[in-house]
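Participant:
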Amino acid sequence: NHVLVNEYQPGEGIMPHTDGPAYDSCTATISLGGSDVIFKLRPRQHFTAHEHCDLERNVQQKLDLILHGNGSLIVFRDDAYLEHTHEISEGVFEETTESGTCGNDLSGGTIVKRGYRISLTFRCKKVKKSTKVMDVI
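Spelled out as structure tokens, the structure:
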């Protein structure tokens, strides 16, 4: 019930973020245009009440995916939506690492050149249930 349209010039990125609690925990994004990008999921950092990093809760894996230009689709939900941020780094060129974190380029070393891109992000806004009771006369 919600579509967000974003336009990106070559080299523009998206800072690490979550889509927040106003939406159900599932997002689908379609990329339009001829540009490839590296989409990054990073674990959210959890802290204790005293601002110390909570190591027991910060064990999720990071993941990169190359989105191959026009018509690529990424869907993430549940843990990937709730416990990770997502981002696309700034820069015209980016290279996948050899660490095996890129799900569709495990050997690494792929250079991605960024160009013009439009993304359509589909989400479902949570529906608030009414707690009002109406008197019927």
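First residue of the sequence shown: 17, per our numbering; consecutive thereafter.
Where is the CB? At the ideal position from N, CA and C, for every residue including glycine.
Quick caveat: nothing in here was measured; it's all calculated off a predicted structure.
DSSP puts residue 22 in a beta bridge; with which residues?
Facilitator: In DSSP, residue 22 forms a bridge with 135.
Participant: Nearest-angstrom Cα distance between residue 80 and residue 39?
Facilitator: Using only the alpha carbons, I get a separation of about 23 Å.
Participant: Pick helix, strand or coil for residue 160, following the three-state DSSP scheme.
Facilitator: Shown here, the chain extends from 17 to 153; a query on residue 160 therefore has no answer.
Participant: If you run the structure through DSSP and keep just helix, strand and coil, what is residue 129?
Facilitator: Residue state, collapsed to three classes: strand.
Participant: Can you tell me the Cα-Cα spacing of residue 109 and residue 78, whole angstroms?
Facilitator: If you take the alpha carbons of residue 109 and residue 78, they lie about 21 Å apart.
Participant: Spatial neighbours of residue 33 within its chain, please: C-beta separation below 8 Å, excluding the five flanking residues on both sides.
Facilitator: So the qualifying residues of the chain are 101, 102 and 103.
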